[in-house]
Structure formats: C-alpha cells, structure tokens
C-alpha cells in the first residue's frame, strides 16, 4: 500500500466513525421506537379486548346479579302479597325482570342449563301467582262467610226474641248460637288444622243442641228458626263453609310459603350458576389485566434500558466528537492564528485523519502564502520587464546607502542615465522592440556592476539609476565610462537617434561626501541636474555635477 | 282438600269404656314411589279411619324434611305441603328434620298448619324452644285429649352439625312436661322418641308417659339396636309400615291401658287419587332441570348404605377424585353418610343431574383445609370408629391409601396410611378437600374444627353435588372403580 493509500484509509476513519456512530444512534432510536410501538400496540390490543369484551361481559354479569337480586326481592313481595293490586305489581315486575335475565344470559357458556332453570323459575312464578290469587280470594270468601254468620246470628237472636218463649229457653237457645259464631270467628284466626276441625265439631254439637232444644219446645213456631239454623250450619260447616274454607286456606298458605321458599332457592341456585360464569369472566379479566400490566412493566424496563443506552451512547459520541474533532480544530485554529502572527510558530496536529490533513494543508498554504508574500514583496521592488530593482527599491536603497555613507564617512556616488531619443525609438520600432531594447540595456548595465554594494535600478520609463557607495568622483566616472562602452557594444540600431546610429545613453553623475551629503531628494535632484547637463552637452556622454559651474558652457558648446 | 265431614256422635264421658285410635307414621322423606314412600297410601288410610266414629289421632313421627332430591331444592317445603294435606295432629322432630339446619326447620314450621313438637331441644340464644316449634302439644279429637311430647338424641347435634340448639336430658325434659300436661287434664300422655339407645322405657314403666311411639327402619342393619318389648311401646321397625294403634281403657282406670297395634305395610293399602296427583305434580316439577343428561358410566357401581358406610366405594372414589381435582388438593375425604342414593348403576347407563342429586341431596359447600399428618391420621381413625353401627362417618377418600383392621376396637383400627406412596408423617402438611359439613365438625370430626381453611382458585360457595355434576359433565364418560384405597386386613378375601 502506498503512502497515499495509507493516508486514504486512515483519512476515512473519522468520517466512518462519526457516520457509524450516528447510524448506530439512529438505528437504536428506531429500534427503541419500534419496540415501544409494538408493545404499546399489543397493550392497546389487550386494553381494547378488555374494553370491548371483558368489561361489557363483567358488566353484564353484574347486571345479571342485580336482576337476580331484584327477582329475589319481588318473589318475597309476591309471596306475602295481601291484596290483588300488590300481587299484580309484583308479578308484572317479576316477568319483566325475568325477560331481562333471559336476554342477559344468552352469551354465557352454561346458558343451556341456566335457561332451563329460568324456564323452571318462570313456571314457578306462574304457579306461585295462582296460589297467591287463591289465598287472597279465600280470605275474602272467609270474611264473607263470617259476616254472613254474624248476620244469621243476629237474625236468629232477633227471631228468638220475637217468638214468645220463656226466658230460660231464650237463654238456653241463644247461648249456643252466640258460641257458634264466636267459635267461627275463632277458627278464622287459628292456624292449626286439627283445632279448626275440632271447632267444626264443636259448632256442629252446638247447632245440634239448639235444634234439639227448639224441637223440644212443642208449640214453637220454628219456621224461621230452623231454616236460619240450617243456613248457619251450611255457612259454617258446609263444603264451602267457613271451616272447610279455613282448612283449605291454611293448606294454601303453607303451600304458598313453601313455593315462595322454593322459588327463592331456585333463584339463588341460578345466581350461583351465573356466579360461576361470572367468576370465570372476572378471572380472565383479572388475568388479562395482570398480563397487560406485567407486559407494560417489562416494556417500561426495556424502554428505559434502551433509552439509557441511547443517551449514554449519545453522550459518548458527543464526548468523542468534542475530543477528536472540536478540540483539535480549536487547537489547529489557535496554531494557525499564532502562525499568522509569527512565522516561527509551528502548526502541529496529532493524529492521522482529516484534521491532520487539514493541518498539513494549513501548513502548506501558510508556507505558500509566506512564499508568495515574499515573492510579492520581491515583485513590488522589481521591475518586471528588466528584472532590475525598481524605483521604490532604489529609493529605499538610496536611503539606506545615504545613512551608511554618513555613518561611515564615505563618499557616495549616484548615476542616473537615460536612453537617448527612446520615445522616437518606441514610435519607430514599436513598443515590443522598445521593451527589448530596455531589457538589453538593463543586461548591459548588470554586466557593469562589479561590486556587491553597487546597486542598479530602472528609475523610470527609459531611465536607469545606479548607486555606488564608497565611490568618489573618479570612481564614478570610471563606472560611467564602462557603462557607455557597454551600451555602445550593444550596437542597437536606432535610426531615429540624432546623435548616433545606435542606442546611446546620457549619463548624469553626482558624488557626495560628508560635507555635501544632504537629503535623498537633494541627491536625486543633483544627479538629475547632472543628467540634464549630459543631455545639454549633446547626449551620448557623461556629465558630473561638479563640472557644472566650470565646464558647463564648454561642454555644452561641444 | 276438604274432608267430607262426618258429624260425630257426641260421646259422653259417662260411658264406661274409652276407645280411640292413633295412627303413627314417620320417616317419609321421599315421595317417589320407587323410594318406598307412601303419602297416597297414608292419605287413604287416614280417610278410612276418619270416616269411622272412633276418634282418630294422627301422630307423625317426623324425620321427613330431608334428605331427598326435591328437598335439596326446596328444603323440605313439599313434605310440609303433603303433610298439610293429610292434617296431622302433631309432628315430632328427629335429627333428619335438621337436614337443612335449624332456621329452615323453623321456616317449615311456619308453613305447617300443624304443630311441631320438640321436648328436649332448646335454642341456645333464647333458652326456649326453637322458633316455630313447641315443647309439648295437647291434641284433641272429640272428647279426648292427648298430650304429645317428642325426644331426640344428642347425635343430632354432631351428625347435622347444629350450632343453635342444645339437646337436653330426655328423662328430665319428659318428666317436667308430662306433669304439666297432666295438670292440664289430658287423658293420655304420649311420647314420640328417636334414638338408638334404650333410654325411655323407664318413663313408660314409671307411668310418666302412657305411650311411646318410635320408628327406626335401620334397626335390622345395625348390630347394637335395641328393640323394646312392651305393649305400650309402639316400635315400627320396617321402613314401609304404618302403625294403627287402638287404645282402650276403662273409666278412671287410665293406668291399665289396652293397647293393640296393627302394623300395616304400604303395599297393603290403596292409594288416594287426590294425594297421588299432588305427589306426581311435585315429581314432575323439576323434571326438565333434573333430567338433563350429564354423562354416562362405563362401569357399574352401587351406592347402598352398607357399601358406602363400610368400605371403599366406586362412587365414593369418583366423588372424592372430583373434589380433589376441583380444589387442586393433595387429598380429598368425604363421609359415606352423605351418599344417600342407595341405587344400582349399570354399565353404559346415562347419568342425569337427578342421579347425582339423589345421591348427594345435602347442601354442603366444598371446603379446603390444611391438615398435618397426625390430624389426618386422627381423622381417618375417627372415620373407622363407626363401622359396627354403619355410621355415616366412614370416609371415602382420594389421594391416600390406608389399611385397617375392623376387628380391633374403635380408635385402634388404622394400620397404615400413605400419600403418593409415602407414609403420612406427623410433620408433613396436606391440602385436604372436604365438605363444609365435615370441616365444621360434623359427624363428630372435631379434629377438623381447628384446621386452617385454605383459599383455592375457583368459585368458593359451590355445592359438593355441583362439583360432581360439573366433573361428570366435563368428562362426559366416567368409569368409577375401586383401586384398593381402603383395605381391611381382617377380611380373608380381599376382593370384596
């Protein structure tokens, strides 16, 4: 594996890690959510089942219980009803409840058996009702007979008193009559059968006694007496007589109570049977609810565990991102800033991934920038065409050399030269040739430079300058001569030059020593005047500033 | 029904001889004819005698409220209704009349149009006779009055698990009330008695009472039954007999009663049509409930008294297995006395609800107890103590096997007792299903009174009979069999 590839594989590590981590988080979250969803769905299914099936069933079971209780109560009311209206009310309500019960029981497992029992109960209610009717009717019949007996008693007593009888007879006759009716009244209240029979026998004895007494009275008109007695006998002892009615009534009362108790127990049995089904229903509801409850508990545990995991994981990821990415980026940023402030500060980042690559890029670019800055700097001090330092450079250098000369008490010479009739050359030969000419001139000038400390620059469009530190007038003139010679050896054709067939230069020289050294401007002005002097002297020559006052006119005359 | 009333010729007390008839019957808890019952015959007999001039008293000896299949449903109301039709002068109280406990008997008393008498029984709360009953009754027919008393034995309390009443000493109670009756000028004092002991004849010999009437149809089956030999002690020893007692005495000479008793078998009598109709109506009332077929049996078995109260029984096994399964218990026990069917079942016979309820007419819920090994041993031992008298306490079991020696004296009969092949030891505890009746100390199983009640899954207030009905219904086909759970080593042949 090449370095590049190595780097490539190592480079992908951060991306993979972060992507991987986030993928895991997403997956875990999805997992947790889907688990929660499925469990909650199950739970809601169970709840739905409970709500739609179990609870209505339980409520129905409760309704059945209530109905049965109501039926039980109504059974008592029916059994004890004393008149037809309360009886009818009880019966109507009973049948109503029983219909309700039948419809409620339909859905039970044991419904066949339950329905059988309800059928039996229905029949029993009808029978009981019939018995209660009979009992109530008998009661009113008995009361009728009793009041009839009282009426007859009164009639008998009245007829006895109407008849002309002896007092003793009256007493003897009326006493049993009264006793008879008293016994009759008694029998209506005794609730034992044999005593009622005994009373019947006593009544019979008394009636016989009265009859015997009456018949003993020979001349008694018994035409009203005897029929009444017979009627009384019939009313009390006849087949439909009071005593028989009372016996029957006692039997009916017993039977009614017995039936009532039976019905009561039948309802309790139904209740117990329904209770079994209810119990099963309730059991299953409780079991369902318990299962749901434990499911939810499990689910909650799972969810919490999963959530805790996810949170932990996220925390870890955050920490990881913070350490491996953010912290390093911050540190990188700080390094870069430091580097910007000072070149010597190194950008160092550990690791072997995107960030370290980033750091490397930063280093590369910062070096590049520095390089370019330098180059730029260079460029801004160099004339791009001739590759000579430019005016700025020269100004700077001049400043520098002036200071150096002043400090070292050395002379400084400045040469300024100008290509003669360069404009005409440009116009005639074109700008491109003009540039070529300038380049050649520059080259020639470079060749002139002998000392390191000498400085050559392109001063203007066709002007060149040269700085010669530690050079006096003599030395400077030697340099100027060399320049002139070098230029001449170029032999650049210049048709439009008025002083030569070839390119020539005019050279102005100025030298300064500690006495005459002045500001940079003064130096340049002086040198420039010297150049002017050269120009005035007919070009293609050199002129020193010092020669101005004496030889000025001489040279200009040439 | 209205009796055709025959006017009685007034019998003057001045005639020299007194003559009356007492008709005595009892223990008529079943109404269906295949069960040796005879209400129609009784009605016929009574009508016949009541048409005669001699005053006739009808004393009913009780013992009829339960148990019976119909009584399981109506707690004996139908019996009271039938008795109302035949108009007894008085009914005595026996232990069987407590089949549905004290309160139900009181309720029956309010349904009865005749007095129910219990002389040596008092309510523990009121210290008086039980609600609805009387300690003594003066019955009258014509010019004669007979004071009637009724006594029963202590066994009632244990066998029927009674908690609201106390049984007093017979002799004391009878003496007290007989003298009260005499003070009220009754002609005769009659005592209706029940019990296996010979504890009342002295009262006759001392002239405390003039007559004693008793019916006990199990006398031939028990080894130790006493049968009296006194003309004034009327003892009906067959289930299917009435006693017609003729009593004569000379004026002022009540001490010398001339008592002649005729025992008439049911079969000898015609059936009264009206009463027959009433009986049939009662029988048909529950048909659609009871005729429901719940299963069938692959094996034959019998439930006679001398089988369920003396040895391992197929039906007993079936029942105890069902109880054990229902309550998810280790063991189940039930007293043989609770099995009342006395029937034969053949192979492939269909089992109806009616069958189960006639076998188990008592209403007792299932109960789950925690018994330690030694209490269990005591319980089994107690169950074996009544074999000689064929007492109902003999236990049918499931989940355990035991061997015993019936020749040993009671209390020393149990030889070995194992559960799942392991001997039952004192330190182990077992879950034992049984009936509420036994758990409450019924049949003298006092050791069960303090046993902790356990909870079990399933409906709690369910009758033992219903547990069996459900069991058979679920299984559909049953095959009750013997599997050597109970072995009497003193029997030479182990097959029966």
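Chains as they are written, first to last, in this note's numbering: chain E, 81 to 638; chain C, 1124 to 1619.
Quick reminder that beta carbons are idealized off the backbone N, C-alpha and C, glycines included.
A quick note: this is a predicted structure, and the numbers were derived from the prediction, not measured.
CA nearest to the CA of residue 319(E), picked from 415(E), 335(E), 225(E) and 458(E): 225(E)
As a quick exercise: from 1393(C), 1412(C) and 1472(C), pick the residue whose alpha carbon is nearest that of residue 1424(C). 1472(C)
Own chain residues within Cβ distance below 6 angstroms of residue 1153(C), not counting five before or after: 1160 and 1191
Among the residues of its own chain, which have a CB less than 7 angstroms from the CB of residue 1490(C), if the five just before and after it don't count? 1557, 1558, 1559, 1562 and 1576
Nearest CA to the CA of residue 1391(C): which residue from 1205(C), 1285(C), 1167(C) and 1378(C)? 1167(C)
Could you tell me the boundaries of the beta strand (DSSP E) in which residue 1495(C) lies? Following the DSSP letters along the chain, one finds residue 1495(C) inside the beta strand (DSSP E) bounded by residues 1489 to 1495.
Smallest Cα separation from residue 1436(C): which of 1381(C), 1482(C) and 1388(C)? 1482(C)
Residue 1149(C) versus residue 1386(C) - alpha carbon distance: 13 angstroms
Check whether the Cβ atoms of residue 1620(C) and residue 1242(C) lie closer than 8 angstroms to each other. Any property of residue 1620(C) remains undetermined from this structure, which presents chain C solely from 1124 to 1619.
Quick check on residue 272(E) - is its C-beta less than 8 angstroms from some C-beta in chain C? yes
Selection from 623(E), 143(E), 610(E) and 99(E) that minimises the alpha carbon distance to residue 355(E): 143(E)
Looking at chain C, is there any beta carbon in it that lies within less than 8 angstroms of the beta carbon of residue 200(E)? yes
If we ignore side chains and look at the alpha-carbon of each, how far apart do residue 284(E) and residue 1305(C) end up? Distance between the alpha carbons of residue 284(E) and residue 1305(C) is about 28 angstroms.
Starting from residue 330(E), find everything on chain C with Cβ-Cβ shorter than 8 angstroms and list it in chain order. 1207 and 1236
In terms of residue numbering, what span does the alpha helix (DSSP H) encompassing residue 1306(C) cover? 1293 to 1306
Run of the beta strand (DSSP E) containing residue 1366(C), from where it starts to where it stops: 1364 to 1373
Need the endpoints of the beta strand (DSSP E) that residue 536(E) sits in, please. 535 to 538
Evaluate residue 399(E) with the Cβ neighbour count: other Cβ atoms within 10 Å of its Cβ, from every protein chain shown; 16 or more gives buried, anything less gives exposed. exposed
Closest to residue 93(E) by C-alpha separation, out of 197(E), 338(E), 252(E) and 436(E), would be which residue? With distances taken between Cα atoms, residue 93(E) lies closest to 436(E).
At what residues does the alpha helix (DSSP H) containing residue 1214(C) begin and finish? First-last for residue 1214(C): 1213 to 1215, but that is the beta strand (DSSP E), not the alpha helix (DSSP H).
Note down the Cα distance separating residue 123(E) from residue 372(E), rounded to an integer number of angstroms. 6 angstroms
Can you check the region 1201 to 1267 of chain C for any beta strand (DSSP E) of at least 3 residues that lies completely inside it and give the ranges in chain order? 1213 to 1215, 1244 to 1246 and 1260 to 1264
Please state the DSSP three-state secondary structure of residue 508(E). helix
So which of 290(E), 314(E), 317(E) and 409(E) has the shortest CA-CA distance to residue 305(E)? 290(E)
Please report the distance separating the alpha-carbon of residue 127(E) from that of residue 113(E). Near 20 angstroms, if we compare the C-alpha coordinates of residue 113(E) and residue 127(E).
Please tell me whether residue 140(E) has its Cβ less than 8 angstroms away from any Cβ of chain C. no
Run through chain C and tell me which residues come within less than 8 angstroms of residue 193(E), C-beta to C-beta. 1415
Best match in 530(E), 157(E), 201(E) and 218(E) for proximity to residue 324(E) [C-alpha to C-alpha]: 218(E)
Say whether the region 231 to 240 of chain E touches the region 378 to 398 of chain E, bearing in mind that this needs 3 or more beta-carbon pairs closer than 8 angstroms, one atom from each stretch. no
From the DSSP secondary-structure annotation, give me the bridge partner or partners of residue 1144(C). 1179(C) and 1369(C)
Taking the alpha carbon of residue 1181(C) as the reference point, which residue from 1170(C), 1189(C) and 1286(C) has its own alpha carbon closest? Closest option to residue 1181(C), Cα to Cα, is 1170(C).
Below 8 angstroms between beta carbons: does that hold for residue 1144(C) and residue 1213(C)? no
Mind checking residue 1533(C): buried by the 16 CB within 10 Å criterion, or exposed? exposed
Using a beta-carbon distance below 8 angstroms, is residue 1136(C) in contact with chain E? At residue 1136(C), the pLDDT of 49 sits below 50, so the modelled position is not reliable; the number obtained from the coordinates is stated separately. Closer than 8 angstroms: no.
Given that residue 1203(C) touches chain E, what residues does it touch there, using C-beta distances under 8 angstroms? Listed along chain E are 334 and 338, each with a C-beta nearer than 8 angstroms to that of residue 1203(C).
Would you list, in sequence order, the uninterrupted beta strand (DSSP E) runs of no fewer than 3 residues that lie entirely inside the region 1547 to 1578 of chain C? 1552 to 1558
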